[in-house]
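This report concerns only the one structure given below.
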Amino acid sequence: MNKIIFLTALMTSLIASASGNRVGNGGDVVDCPAQTELLDFYESNLKLQDFPGKNSYRDIADEVLKNLARLSPTQARNYQRRLSQFIDESDFKSNVSLTNIRDSKHLFKPKDEACKVQQIAIRKKEASSVSKRFLVDQDLWGRLSERSKAGLILHEIIYEHFYKLGEDDSIKARSLNAYLFSEQAQNAKSADYWKIIREMKIPLYQ
């Protein structure tokens with residue numbers, strides 16, 4: 028009887044571990060010798076905010092969501108809740124090479140051959156008691172600016188949201204993320220924001 032209980036518990040643990048390792052989606056950076064930048068920002072033509080006086084990625088992320096609350100209060104509340112959970116749900120690992128998740132569908136290669144598009148984060152389809160939801164490359168994370176760190180976290184939050192709404196690549200999530208960090212968003216009115224959401228054909232509503 029004890030053997031049966033032991034084997035049942037072992038199989039349950041293995042199944043949970045396996046399901047926790049099923050890949051959902053992820054985030055990318057452009058890694059260059061002189062600088063590593065979030066793909067969302069690297070490919071965007073928008074002028075990004077400098078966030079003067081904000082010295083940590085958490086402060087910058089809070090500032091971005093504070094502005095989003097002016098444009099879309101419900102969305103901002105949900106993202107703020109996920110922001111507070113992200114670090115606790117993330118496993119940061121050094122000396123790893125993450126599996127390339129082919130969901131970015133970016134349309135370029137960096138001109139500098141020394142620069143590479145690299146997978147920095149993976150969101151697993153399910154979390155479990157033995158596996159956290161996000162896997163992050165600690166070495167690439169350490170090379171990011173505080174703004175790009177904040178951008179990566181919000182990228183994962185936005186992409187998680189959009190994935191549930193039916194998006195199977197990160198194109199729209201990256202586009203909205205770069206917009207939220209831009210000077211354009213800082214100066215936008217609510218109507219401007221919702222026009223962009225409609226143009227992106229994202230099923231969000233005021």
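Its first residue numbered 28, the sequence shown is counted upward by one per residue in the numbering used here. All residues carry an ideal CB built from backbone N, CA and C; glycine is no exception.
* Asked: Roughly how many whole angstroms lie between the Cα atoms of R225 and S121?
  -> The sequence position of residue 225 within the sequence shown is 198, counting from 1. The sequence position of residue 121 within the sequence shown is 94, counting from 1. The straight-line gap from Cα to Cα measures roughly 40 Å.
* Return the bridge partner residues of A215 from the DSSP annotation. => On the sequence shown, residue 215 is found 188 positions in, with the first residue counted as 1. In DSSP, A215 forms no bridge with anything.
* To the nearest angstrom, how far is it from the Cα of H182 to the Cα of F189? -> As a working mapping, residue 182 is identified with position 155 in the sequence shown. As a working mapping, residue 189 is identified with position 162 in the sequence shown. Their Cα atoms are separated by approximately 10 Å.
* **Sheet register partners of S209 (DSSP bridge)** => One-based indexing of the sequence shown puts residue 209 at position 182. Answer is L75, bridged to S209.
* Asked: Among the residues of its own chain, which have a CB less than 6 Å from the CB of L162, if the five just before and after it don't count?
  -> Locating residue 162 in the sequence shown gives position 135, where the first residue counts as 1. Hits under 6 Å: D118, I149.
* Tell me which same chain residues have a C-beta within less than 7 Å of the C-beta of Y220, skipping the five on either side of it? -> Translated into the one-based positions of the sequence shown, residue 220 becomes position 193. Answer for Y220: L98, S99, listed in chain order.
* Asked: For A177, does the three-state DSSP call read helix, strand or coil?
  -> For the purposes of this step, residue 177 is taken as residue 150 along the sequence shown, with counting starting at 1. Three-state DSSP puts A177 in a helix.
* To do: Report the three-state DSSP secondary structure of R108 (helix, strand or coil).
  => For the purposes of this step, residue 108 is identified with residue 81 of the sequence shown, where counting begins at 1. Reduced to three states, the DSSP call for R108 is helix.
* Asked: Cβ atoms of W168 and K176: under 8 Å apart, would you say?
  -> Locating residue 176 in the sequence shown gives position 149, where the first residue counts as 1. Locating residue 168 in the sequence shown gives position 141, where the first residue counts as 1. In contact: K176 and W168 (Cβ atoms closer than 8 Å).
* Asked: Out of curiosity, what's the CA-to-CA distance linking K74 and S124?
  -> One-based indexing of the sequence shown puts residue 74 at position 47. One-based indexing of the sequence shown puts residue 124 at position 97. Roughly 31 Å between the two C-alpha positions.
* **Reference S202; option with closest CA among M227, Q165, K191, N214** => The residue labelled residue 202 in the question sits at position 175 within the sequence shown. The residue with the shortest Cα to Cα distance from S202 is M227.
* In whole angstroms, what is the alpha-carbon distance linking R108 and T101? -> By one-based count along the sequence shown, residue 108 stands at place 81. By one-based count along the sequence shown, residue 101 stands at place 74. Rounded to the nearest angstrom, the two C-alpha atoms are 11 Å apart.
* For I224, the three-state DSSP class (helix, strand or coil) -> To locate residue 224, count along the sequence shown from 1; it is residue 197. Looking at I224 - three-state DSSP - the assignment turns out to be helix.
* Residue nearest to I114 in terms of C-alpha spacing, selected from P79, K136, I184, D55 -> Mapped onto the sequence shown, residue 114 falls at position 87. Minimum Cα distance to I114 is reached at I184.
* Cα-Cα separation, Q196 to G53 -> Within the sequence shown, residue 196 is the residue found at index 169, counting from 1. Within the sequence shown, residue 53 is the residue found at index 26, counting from 1. Checking the sequence shown, residue 196 turns out to be Asp, not Gln. Answer to the nearest angstrom: the Cα atoms are 9 Å apart.
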